[in-house]
Structure formats: C-alpha cells, structure tokens
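> Have a look at this one.
Number of protein chains: 2
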Amino acid sequence: MPRVGGEQRRTTIVAEAIHQFGRDGYKGASLESIATAVGVRKQTLLYYFPNKEALLEACLQAAGERLGSELSAALEGKETYWDRAEAVIHGVFGLAAEWPEFPMFVREAARLGPTAFDRFADVLDPLRKRAIEFLQAGMDAGEIRDQDPAMLLFTLYTAVVGSLTEASVLNAVVGSNKGRASLRRREREVLLFVRAALRPASR
Amino acid sequence: MPRVGGEQRRTTIVAEAIHQFGRDGYKGASLESIATAVGVRKQTLLYYFPNKEALLEACLQAAGERLGSELSAALEGKETYWDRAEAVIHGVFGLAAEWPEFPMFVREAARLGPTAFDRFADVLDPLRKRAIEFLQAGMDAGEIRDQDPAMLLFTLYTAVVGSLTEASVLNAVVGSNKGRASLRRREREVLLFVRAALRPASR
DNA sequence: CGATTTGTCTACCGACCGGTAGAGAGGCAT
DNA sequence: ATGCCTCTCTACCGGTCGGTAGACAAATCG
Chain W
690 MPRVGGEQRR TTIVAEAIHQ FGRDGYKGAS LESIATAVGV RKQTLLYYFP
740 NKEALLEACL QAAGERLGSE LSAALEGKET YWDRAEAVIH GVFGLAAEWP
790 EFPMFVREAA RLGPTAFDRF ADVLDPLRKR AIEFLQAGMD AGEIRDQDPA
840 MLLFTLYTAV VGSLTEASVL NAVVGSNKGR ASLRRREREV LLFVRAALRP
890 ASR
Chain L
690 MPRVGGEQRR TTIVAEAIHQ FGRDGYKGAS LESIATAVGV RKQTLLYYFP
740 NKEALLEACL QAAGERLGSE LSAALEGKET YWDRAEAVIH GVFGLAAEWP
790 EFPMFVREAA RLGPTAFDRF ADVLDPLRKR AIEFLQAGMD AGEIRDQDPA
840 MLLFTLYTAV VGSLTEASVL NAVVGSNKGR ASLRRREREV LLFVRAALRP
890 ASR
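Protein chains in written order, with the numbering used here: chain W, 690 to 892; chain L, 690 to 892.
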C-alpha cells in the first residue's frame, strides 16, 4: 500500500482524469478506469473528490490555469500584433504537442455546456479581455482588418482548436495525420490562414 | 399499439438517434431514451437495428447522404470560385438552422474515431474530390491564395463546424449566442473570414 | 379462413457505474 | 506508548444500460 500522500495524488488523479475525459468523454470515462490508471482503487479517488462532478471541476480549473500560465509565458516580450498572435497559436500547439489530450478535454468541456465551460474560461478571462483590447487596438492602428474583435477571437479559437481536435476529419480529407510532423504542418497552415485573415484589405 | 410500419419507423428512429447522439454523445444517449422519444419500446428499436453500433452506422450513413444532397443542391448553377465557396458555407449553415443537432452529431462522429467517421465521409468523398480540384484550379487561375488545397479544405471545415458547435465558447467569449440572429452573425463572420483567407496576396 | 410474416410488447439478465459504510494501516504529536 | 489524523482498502447497494427470449397482435397472402 504505497502512501504517496495528499497533493501529489490529487494532481496525478486530475492529470489522468483530464486524459480520460478528453479521450472518452465525461460519460465515457469511469471513475474505476481513472483510478486503475493511477494505480489506486476507486474509493481512494472518491476520498480526494466527493463525486465525479467535483473531479471534473478540478480538472477544468487545472486545465484553465495550465493554459493561462502557458500563454502568459508565451506572450512575454512579444510586442507587435503579429508576434503576439503567433505566440498564442504557437503556445497552444506546443501545449498540444506535449499533452495531446488537452485540446480534446477542452472541447469536451465546451460540449458539456456553459456551466462547466465557465469554470475553465473564468481562469482565462483576463487573457480574453487583453486579447480583445489588443485586436481592437490593432484594428484602430490599421494593422488588422476591421471587424468585430470578439467574433474574430471566437473564429480564431475554432480554427485552432478544430485543427487540433478533428483528427478523424483530417484523416478523411488529407490522409496521414500521425505524429509531430502532422502537428507542425497544421500549425503552419493555421498560422498562414490566420495571417491572411487578419491582414487588412489593402497593404 | 400503433403500427407505423417498416421504413418510416426506421427513419424516425434514425432522426431521433442523430438528435440524441449529437446532444448527449454516443455513450451518453441510451437506447431507452431514444426509443421513448420516438414513442416506442426499446425492444422495438432493437428490432430495426440489431445493436447500438448498427444504429450509429445507419445515422452516419443518413447524415452523410443528407449533407451530400444539400450541398449538391446548393452548388447547382454556381460558377465562380467565390460563389461556390459561399454556397457551401451557406448550405451548411442553412442545414444547421433547420436541424441544430446535425453539426453536433458530425463532431461526435469525428470524435469516435476514423472508423466511424469514414462511414460518414465516404458518402461525401465525391464532393471532397471536387472541392479539392476546384480549390486547386482557383489557385492556378490566381483567384485563390496559393497553398495546399487539402489542408485548406480541412481548415475551412474546422472553421465552419467549430463556429456551429462551440456554443459554450461563443457564450464565454462573445456572450449572447441564442437563436437565429446569432447563427446569421456567425455565418457572416465565417464568410468574411474565409473570403479574407482565400484572397490572393496581391489584388 | 388459416398460415406466415411483420411489428410491438413484457419480462428478464449480466455487466457496469457512481456512490456509501466502514475497517484498518502508517505517520505524527503528545 | 497512546491516540489521532491521513490515506487506502474491502464489501456492498441501487440504478442504468445494452442485449436476449419469447408472447402476442396486426397485416398479408394462399
């Protein structure tokens, strides 16, 4: 009976839960299989989290914080409009490379409805606000094509997350999407796409 | 005991199953609840489809055929590059307007893995091939920014489906996403975005 | 009209899932 | 050493799910 103890157990359980919630969906992932993967009995898991929903909320919180710190670090020192946009996209793709289940988990969180998703989005709200201000400023300066900045941010989100999560579609449309090479290719494609979409009408 | 009989029962069951698979996911939707919604017992449903997976396959087939015929009709008579691209996007948004669970079901199908998704994609393969040829021709003619046509098609897919399915994200980023007005707004945004992304570098 | 096919039902089963109750083992402070 | 707190476990429960067996009625056909 290995006694790993409090906080560490908690975080490994959350990490595994994010993995399985992302892979199998909230309903599809069972407490039993999450516990087994961690090397512990289901009841041990229920000692740390009173029920499945509480575990989900901990996962949402943790995922939000992780993405937030990742993006904050990526934005460090980036000044121009394009540098910052590229840093965000590159940061998300980097996170996806080392943690493939993360994008799938975020999408599952969105699927579960606004109540669940807000738990994730609230952590990122400062970044969201900054992003919208930044896009608006870029438009005012004529560096970015004029449009609704919030809708633009949403469209950018769907393009990035979509290209990270729709592996089956990629397979059907393009073929061969395994491994890091495909990920890099998709990142490049999204970067080109976004650059083209941000570019003002006449430059 | 109303005896609706063969084919009609089948199609109403498939329609309801697409609805619930899209809303609750494949695992989350139970045969019981699908049957009840149709107004029939679970065992009647199992009379038409030997098991849950067979029901899913019928749904994938039906969804593919429906989308295929929708898009074929939308493309009728459209000649220019932009007209055709716009017709496809407008067609998909139109289908989403009258059948809100359809995009969610497609995304769920993609989540279930390539095996399941291919059942849906195979029906659309002729359209996929035509789309890639069309994009390539547009690039050769200098009407569309030069890039990998297959990857471009994938990115367009993610932008359209994402903006139709990520309602929770839209809510968190923009606020107010209920009703047809929001759908029209998203269609307009996707159209602008895609137009900007397709536009050649110098015009 | 009787037989067969088609469609719907009741009854039930084994597996699994989320969650409860509570025992017991190691670490820590007194 | 004793007692307490933290952590992990075994045992079990009620509910749900996918699926089987088979009765039975309506439609169809000879």
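Quick reminder that beta carbons are idealized off the backbone N, C-alpha and C, glycines included. These numbers come from a predicted model, not from an experiment.
#1: Among L:Arg800, L:Ile702, L:Met828 and L:Trp788, which has the Cα closest to the Cα of Cys748 of chain L?
#2: Helix, strand or coil for Leu801 of chain W? Go by DSSP, reduced to three states.
#3: For Arg819 of chain W, which option in L:Val862, L:Pro803, L:Leu813 and L:Phe809 has the closest C-alpha, if you only look at C-alpha atoms?
#4: For Leu824 of chain L, collect the residues of the same chain with a Cβ closer than 7 Å to its Cβ; drop the 5 residues on either side in sequence, then sort them by chain order.
#5: Comparing the C-beta of Glu822 of chain W with each C-beta of chain L, is any distance below 8 Å?
#6: Using 8 Å as the threshold, is the C-beta distance between Arg773 of chain W and Leu764 of chain W below it?
#7: So is Gly766 of chain L in contact with chain W if we call contact Cβ pairs under 8 Å?
#8: Within 10 angstroms of its Cβ, does Gly831 of chain L collect 16 or more other Cβ (buried), or is it exposed?
#9: Does any residue of chain W have a CB that is nearer than 8 Å to the CB of Arg834 of chain L?
#10: Would the stretch 866 to 880 of chain W and the stretch 779 to 795 of chain W be scored as touching if the rule is three or more Cβ pairs under 8 Å?
#11: Considering only residues of the same chain and omitting the five flanking positions on each side of Gln836 of chain L, which have a CB-CB separation below 8 Å?
#12: Quick check on the burial criterion: 16 or more other C-beta atoms within 10 angstroms. Buried or exposed for Ala890 of chain L?
#13: Given a threshold of 16 other Cβ atoms within 10 Å of its Cβ, counted over all protein chains shown, does Tyr715 of chain W qualify as buried or as exposed?
#14: May I have the straight-line CA-CA distance separating Ser871 of chain W from Glu742 of chain L, to the nearest angstrom?
#15: Taking only three categories from DSSP, how would you classify Gly783 of chain W?
#16: Between Pro893 of chain L and chain W, is there a C-beta pair that is closer than 8 Å?
#17: Looking at chain W, is there any beta carbon in it that lies within less than 8 Å of the beta carbon of Phe882 of chain L?
#18: On a CA-only basis, which of L:Ala776, L:Ala856 and L:Ile821 is nearest Ala762 of chain L? Give me that one, please.
#19: Could you give the first and the last residue of the continuous alpha helix (DSSP H) run that contains Phe738 of chain L?
#20: Give the DSSP-derived three-state secondary structure of Arg834 of chain L in the structure shown.
#21: Report the residues of the stretch 768 to 791 of chain L with a CB closer than 7 Å to any CB of chain W, ordered along the chain.
#22: Whole angstroms are fine: how far does the CA of His708 of chain L sit from the CA of Phe794 of chain L?
#23: Three or more beta-carbon pairs under 8 Å between the stretch 843 to 861 of chain W and the stretch 851 to 865 of chain L, yes or no?
#24: Where are the beta strand (DSSP E) runs, 3 residues long or more, that stay fully inside the stretch 748 to 777 of chain W, in chain order?
#25: In three-state terms, what does DSSP make of Pro815 of chain L?
#26: With DSSP collapsed to three states, give me the class of Asn650 of chain L.
#27: Below 8 Å on the Cβ atoms is my contact criterion, and I expect Glu855 of chain L with Ala799 of chain W to pass it. Report the Cβ-Cβ distance as a whole number of Å.
#28: Return the residue from the list L:Phe806, L:Ser857 and L:Glu746 that minimises the CA-CA distance to Pro803 of chain W.
#29: When the Cα atoms are used, what is the spatial distance from Tyr737 of chain W to Gly753 of chain W?
#30: Taking a Cβ distance cut-off of 9 Å, strictly less, list which residues of the stretch 705 to 738 of chain L are near chain W, in chain order.
#31: What residues from the stretch 851 to 871 of chain L come within 7 Å of chain W, judged by C-beta to C-beta, listed N to C?
#32: Please decide whether Val812 of chain W counts as near chain L, where near means a Cβ-Cβ distance under 8 Å.
#33: Taking the C-alpha atoms as reference points, what is the distance between Ala655 of chain W and Ala826 of chain W?
#34: According to the neighbour-count rule (16 or more other Cβ atoms, all chains shown, within 10 Å of its Cβ), is Pro739 of chain L buried or exposed?
#35: Against Thr847 of chain W, what residues of chain L qualify as contacts under a CB-to-CB distance less than 7 Å, listed in chain order?
The short version:
#1: Your numbering for residue 748 of chain L matches position 59 in the second sequence. Among L:Arg800, L:Ile702, L:Met828 and L:Trp788, the Cα nearest to that of Cys748 of chain L belongs to L:Ile702.
#2: Within the first sequence, residue 801 of chain W is the residue found at index 112, counting from 1. Coil, per DSSP.
#3: Counted from its first residue, the first sequence places residue 819 of chain W at position 130. Among L:Val862, L:Pro803, L:Leu813 and L:Phe809, the Cα nearest to that of Arg819 of chain W is on L:Val862.
#4: Counting from one through the second sequence, the residue named residue 824 of chain L turns up at place 135. Sequence-distant partners of Leu824 of chain L (beyond 5 residues in either direction) whose C-beta falls short of 7 Å from its own C-beta, in its chain, are Ile833, Pro838, Leu841 and Leu842.
#5: By one-based count along the first sequence, residue 822 of chain W stands at place 133. Output row for Glu822 of chain W: interface = no.
#6: As a working note, residue 773 of chain W is residue 84 in the first sequence. As a working note, residue 764 of chain W is residue 75 in the first sequence. Yes.
#7: Residue mapping note: residue 766 of chain L aligns to position 77 of the second sequence, counting from 1. No - not a single Cβ of chain W is within 8 Å of the one on Gly766 of chain L.
#8: Within the second sequence, numbered from 1, the residue matching residue 831 of chain L stands at position 142. Gly831 of chain L is exposed by the Cβ-count criterion.
#9: Counting from one through the second sequence, the residue named residue 834 of chain L turns up at place 145. Yes, Arg834 of chain L counts as interfacial toward chain W.
#10: yes
#11: Sequence index remark: in the second sequence, residue 836 of chain L carries index 147 (1-based). Hits under 8 Å: Met828.
#12: As a position in the second sequence, residue 890 of chain L is number 201, starting the count at 1. Result: exposed.
#13: For the purposes of this step, residue 715 of chain W is taken as residue 26 along the first sequence, with counting starting at 1. Classification of Tyr715 of chain W: buried, given that the 10 Å Cβ count is 16 or more.
#14: Here the question's residue 871 of chain W lines up with position 182 in the first sequence. Here the question's residue 742 of chain L lines up with position 53 in the second sequence. Going from the Cα of Ser871 of chain W to the Cα of Glu742 of chain L covers about 30 Å.
#15: On the first sequence, residue 783 of chain W is found 94 positions in, with the first residue counted as 1. In the three-state DSSP reduction, Gly783 of chain W falls in the helix class (H, G or I).
#16: Beyond the ends of chain L as shown, which are 690 and 892, falls residue 893 of chain L; an answer cannot be given.
#17: Translated into positions along the second sequence, residue 882 of chain L becomes position 193. Chain W, which has a Cβ nearer than 8 Å to the Cβ of Phe882 of chain L, makes this yes.
#18: Within the second sequence, the letter at position 73 stands for residue 762 of chain L. Of the listed residues, the one whose Cα sits closest to Ala762 of chain L is L:Ala776.
#19: Within the second sequence, the letter at position 49 stands for residue 738 of chain L. Careful: Phe738 of chain L lies outside any alpha helix (DSSP H) and carries neither H nor E.
#20: Counting from 1 along the second sequence, the entry for residue 834 of chain L is found at position 145. Reduced to three states, the DSSP call for Arg834 of chain L is coil.
#21: Here the close residues number zero.
#22: On the second sequence, residue 794 of chain L is found 105 positions in, with the first residue counted as 1. On the second sequence, residue 708 of chain L is found 19 positions in, with the first residue counted as 1. Here the alpha carbon of Phe794 of chain L sits roughly 7 Å from the alpha carbon of His708 of chain L.
#23: yes
#24: none
#25: The sequence position of residue 815 of chain L within the second sequence is 126, counting from 1. Of the three classes helix, strand and coil, the one that applies to Pro815 of chain L here is helix, per DSSP.
#26: Nothing can be reported for residue 650 of chain L, as the shown portion of chain L is limited to 690 through 892.
#27: The sequence position of residue 855 of chain L within the second sequence is 166, counting from 1. The sequence position of residue 799 of chain W within the first sequence is 110, counting from 1. The beta-carbon distance between Glu855 of chain L and Ala799 of chain W, rounded to whole angstroms, is 5 Å. This is short enough to meet the 8 Å contact definition.
#28: Numbered from 1 along the first sequence, position 114 holds the residue referred to as residue 803 of chain W. Cα-wise, what sits closest to Pro803 of chain W is L:Ser857.
#29: In the first sequence, residue 737 of chain W corresponds to position 48, counting from 1. In the first sequence, residue 753 of chain W corresponds to position 64, counting from 1. Tyr737 of chain W and Gly753 of chain W: Cα-Cα distance of roughly 20 Å.
#30: Asp713, Gly714, Tyr715, Lys716 and Gly717
#31: Gly851, Ser852, Glu855, Ser857, Val858, Leu859, Asn860, Ala861, Val862 and Val863
#32: By 1-based counting over the first sequence, the position of residue 812 of chain W is 123. Residue-level contact check: Val812 of chain W does not touch chain L, since none of the beta carbons of chain L fall below 8 Å from its beta carbon.
#33: Because chain W spans 690 through 892 in this model, residue 655 of chain W falls outside it and cannot be assessed.
#34: Walking along the second sequence from the start, residue 739 of chain L turns up at place 50. Label assigned to Pro739 of chain L: exposed.
#35: Taking the first sequence and counting its residues from 1, one reaches residue 847 of chain W at position 158. Within 7 Å Cβ-Cβ: Thr847, Ala848, Gly851, Ser852 and Glu855.
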